[in-house]
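Now the structure itself:
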């Protein structure tokens, strides 16, 4: 099974925070840099999102609505159901982190990667992931206010104000400036990708340093961590089954079901970590632990599922088409209005197939879980 290289970097950052936690003046500097990094990160998100892509994607509203319901309704309901496991199976802090995990938006690029490997509706996966990330900027804090309340380790009305100032305002600024800076970002997307990942590493270092200084990690035992892994495995299995068999009952086509399964069963590390830093403050280290574990688990499991889907008889195409290219061509219009995502547009004409998306995203570890 694949191990996300970025997870290794995250674990290394956690180790660094454990050995050399920032404290005193260094902690203040790290906190300020982390705040600026989060704002810049969401500014880039806003500048990257194509308005034309979003409008075109609305043509397949039924698919995107299903993904949003899975992400922001089904997941949170399962998180609430897990409350019965506290405090015998999970500590209060671990349960809070688990519940927060169920509130964050879906991934973008890893959903696209697995949908492409499985020969599903790639354009739909692009739009579904983008819609989920955009909605999450508003929906995730509101759900956190409703479901976490005062138990969120410092969550309050002030946190909502911070969300608006640190996440939503930069995002909107990026959208407004996109006509002038969109081409520049498209030309330098690889370099800016490193900025993305570096910003998240800084957020993780700051959060875990605060946790070390305050002695939060002494509250977690190996048995509790094992219990958390079991709970997350069950959570992932339920969502994978729901998004696959539920969409069959809703009479979606195979390509659409694949896109819904990978976009509707996953959670974004890149969006969740900055939000946790804003919402939980010094308690963010334990709050993001369930998300970090779930992220790696979903990558390993979905990689196996994607390969199996690619070998399904339905995916092998027509006679004389052993590579299944006909099946891939069909994915471009299987309910998505024949549209492709902004990943291939950059202001140009839409491509006729989803096959060109795959090379840029086949390694999910390069995506930072977005």
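In the numbering used here, the protein residues as written are 5 to 374. Note that the Cβ used here is the ideal one computed from N, Cα and C, for glycine as well.
Assign residue i to one of three DSSP states: helix, strand, or coil.
i           : result
residue 228 : helix
residue 108 : coil
residue 92  : coil
residue 194 : helix
residue 25  : coil
residue 172 : helix
residue 166 : helix
residue 316 : coil
residue 122 : coil
residue 115 : helix
residue 35  : helix
residue 375 : Residue 375 is absent from the structure shown; the chain starts at 5 and stops at 374.
residue 213 : helix
residue 10  : helix
residue 54  : coil
Could you tell me whether the Cβ atoms of residue i and residue j are closer together than 7 Å?
i           : j           : result
residue 215 : residue 289 : yes
residue 17  : residue 205 : yes
residue 256 : residue 46  : no
residue 244 : residue 269 : yes
residue 92  : residue 272 : no
residue 141 : residue 181 : no
residue 106 : residue 83  : yes
residue 291 : residue 104 : yes
Output the distance between the C-alpha atoms of residue i and residue j, rounded to the nearest integer angstrom.
i           : j           : result
residue 136 : residue 20  : 32 Å
residue 99  : residue 299 : 16 Å
residue 146 : residue 296 : 22 Å
residue 376 : residue 306 : No answer is possible for residue 376: the residues shown for the chain start at 5 and end at 374.
residue 212 : residue 258 : 42 Å
residue 241 : residue 261 : 16 Å
residue 303 : residue 280 : 21 Å
residue 24  : residue 217 : 10 Å
residue 49  : residue 67  : 23 Å
residue 166 : residue 312 : 43 Å
residue 224 : residue 90  : 14 Å
residue 44  : residue 173 : 11 Å
residue 337 : residue 27  : The predicted position of residue 337 is uncertain, since its pLDDT is 37 and thus under 50; no value can be drawn from it.
residue 96  : residue 187 : 46 Å
residue 183 : residue 42  : 22 Å
residue 248 : residue 239 : 14 Å
residue 195 : residue 51  : 15 Å
residue 301 : residue 200 : 22 Å
residue 9   : residue 15  : 10 Å
residue 143 : residue 36  : 26 Å
residue 246 : residue 308 : 18 Å
residue 234 : residue 151 : 23 Å
residue 177 : residue 54  : 14 Å
residue 226 : residue 139 : 35 Å
residue 179 : residue 64  : 23 Å
Just to confirm my understanding: we take residue i, look at its own chain, exclude 5 residues before and 5 after, and list those with CB closer than 6 Å. What are they?
i           : result
residue 325 : With a pLDDT of 41 at residue 325, under the threshold of 50, the modelled position of that residue is not reliable, and no figure is offered here.
residue 119 : 126, 129, 262, 263 and 266
Go to residue i, then tell me how far its alpha helix (DSSP H) extends in each direction, as first and last residue.
i           : result
residue 79  : 79 to 85
residue 266 : 258 to 268
residue 145 : 126 to 151
residue 64  : Premise fails: residue 64 is in no alpha helix (DSSP H) and is neither H nor E.
residue 255 : From DSSP, residue 255 is part of no alpha helix (DSSP H); its letter is neither H nor E.
residue 284 : 273 to 284
Can you list, in chain order, the residues of its chain with a C-beta nearer than 7 Å to that of residue i? Leave out the 5 residues immediately preceding and following it.
i           : result
residue 133 : 110, 111, 112, 115, 116 and 267
residue 156 : Confidence at residue 156 is low in this model, with a pLDDT of 49, below 50, so the placement of that residue is unreliable and no value is reported for it.
residue 71  : 110, 132, 136, 264, 267 and 268
residue 38  : 206, 207, 210 and 281
residue 75  : 109, 110, 136 and 268
Which same chain residues end up closer than 8 Å to residue i when comparing Cβ atoms and leaving out the 5 residues on each side of it in sequence?
i           : result
residue 314 : 121, 122, 123 and 328
residue 377 : The question about residue 377 has no answer, for the chain in this structure spans 5 to 374.
residue 34  : 26, 206, 209, 210 and 213
residue 251 : 70, 260, 261, 264 and 265
residue 12  : none
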